[in-house]
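Below is one structure, written out as structure tokens, with a few remarks after it.
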Ligand SMILES: [Mg+2]
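In this note's numbering, the protein residues as written are 1 to 282.
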């Protein structure tokens with residue numbers, strides 16, 4: 001890592017020539033979705049233009065999301081409806097990353113006890129893994145908004161018996177129009193409390209999903225950046241994976257959150273158009 005670290009309170013147009021050169025040398029971008037590309041169902045200004053700019057300048061990208069409930073095709077359709085030039089293979093969900101991890105560790109045909117929704121079930125099947133209600137090779141937990149006590153009990157029995165306990169993502173709560181709903185992390189906490197076993201987490205802020213995204217793109221960490229809106233998720237994951245973390249201020253983290261944070265981005269920009277201007281040297 002040789003990227004310079006600007007003062008976190010520096011304005012967007014305060015990037016030095018050296019920083020612009022380092023930004024411009026990046027070949028691959030791991031782009032978070034919620035808070036960067038869209039907010040809920042509304043596209044963020046300049047996001048489509050930024051992705052087109054990456055395409056036009058020969059940069060590769062993957063849209064990465066901790067959301068485990070939907071498939072990549074569903075995300076790509078949502079993005080296409082917003083005018084984003086994104087294909088399903090340019091989307092990596094935490095469910096797909098988890099399925100890829102399991103296939104690598106356990107081989108195709110491994111038996112998976114899955115708590116989760118369509119996005120997780122389809123990702124497991126696409127990786128050649130089998131769903132199992134008993135005697136699994138791994139227990140995988142993603143957000144399941146129909147989770148029952150019976151399913152929780154089965155997962156706890158398996159985890160207590162020593163079966164690997166894997167989580168798509170650790171998000172504790174989900175911001176919605178109704179307020180904060182319990183996230184997957186709340187279900188994980190319940191299994192951990194009942195069994196004394198902590199899960200292996202694949203999604204952000206862990207590095208695994210970023211490494212799988214880089215594997216898809218065929219790029220090295222030195223030439224790859226993550227663009228996200230969260231210091232504790234995207235920036236931390238970027239640091240752990242050894243890629244360049246770029247924070248944009250269109251989502252959860254604010255400029256005044258940066259200085260006190262343990263997780264420092266290499267760059268802070270107001271939004272994606274500001275990233276694009278800096279890459280263009282304007
Ligand atoms: Mg986000």
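Every residue gets a Cβ at the ideal spot worked out from N, C-alpha and C, and that includes glycine.
Values in this document were obtained by computation on a predicted structure and should not be read as measured data.
Residue 40 classed as buried or exposed, judged by whether at least 16 other C-beta atoms fall within 10 angstroms
Here residue 40 refers to the residue found at position 40 of the chain shown. Label assigned to residue 40: exposed.
Got a sec, what are the start and stop residues for the beta strand (DSSP E) residue 173 sits in?
For this step, residue 173 is matched to residue 173 along the chain shown. Secondary structure note for residue 173: its beta strand (DSSP E) is the uninterrupted segment 173-176.
Quick one: complete beta strand (DSSP E) runs, 3+ long, within the region 48-127?
If we require 3 residues or more, the beta strand (DSSP E) runs fully inside the region 48-127 come out as 60-65, 91-93 and 111-115.
Taking the beta strand (DSSP E) that residue 225 belongs to, which residues open and close that run?
Indexing the chain shown from 1 puts residue 225 at position 225. Counting along the chain, the beta strand (DSSP E) containing residue 225 begins and ends at 224-228.
Run the CB neighbour count on residue 260, radius 10 Å, all protein chains shown included, and call it buried at 16 or more, exposed below.
As a first step, residue 260 is located in the chain shown; it is residue number 260 there, counting from the start. It is exposed - the Cβ of residue 260 has fewer than 16 other Cβ atoms within 10 Å.
Classify residue 16 as buried or exposed, calling it buried when 16 or more other Cβ atoms lie within 10 Å of its own Cβ.
What you label residue 16 is simply residue 16 of the chain shown in a count that begins at 1. Label assigned to residue 16: exposed.
Beta-carbon proximity list for residue 164, same chain, < 6 angstroms, skipping 5 on both sides:
Within the chain shown, numbered from 1, the residue matching residue 164 stands at position 164. Only 138 meet the Cβ criterion.
Since I believe residue 22 is in contact with residue 60 (beta carbons under 8 angstroms), could you give me their beta-carbon distance rounded to a whole number of angstroms?
By 1-based counting over the chain shown, the position of residue 60 is 60. By 1-based counting over the chain shown, the position of residue 22 is 22. Their Cβ separation, rounded to whole angstroms, is 18 angstroms, which puts residue 60 and residue 22 out of contact at 8 angstroms.
In the DSSP assignment, what residue or residues form a beta bridge with residue 179?
For the purposes of this step, residue 179 is taken as the residue at position 179 of the chain shown. Paired residues: 176.
Residues near ligand 1, criterion Cβ-heavy atom distance below 7 angstroms:
Every residue passing the under-7 angstroms Cβ criterion appears here: 32, 33, 34, 35, 36, 228, 229, 230, 233, 234, 251 and 252.
Can you tell me where the alpha helix (DSSP H) holding residue 213 begins and where it ends?
Counting from one through the chain shown, the residue named residue 213 turns up at place 213. Segment 208-217, the alpha helix (DSSP H) holding residue 213.
Whole-number beta carbon distance between residue 95 and residue 142, since they are thought to touch under 8 angstroms:
Mapped onto the chain shown, residue 142 falls at position 142. Mapped onto the chain shown, residue 95 falls at position 95. Their Cβ separation, rounded to whole angstroms, is 6 angstroms, which keeps residue 142 and residue 95 in contact under 8 angstroms.
Would you mind working out which of 255, 197 and 234 sits nearest residue 245, comparing C-alpha positions?
For the purposes of this step, residue 245 is taken as the residue at position 245 of the chain shown. Comparing Cα positions, the closest option is 234.
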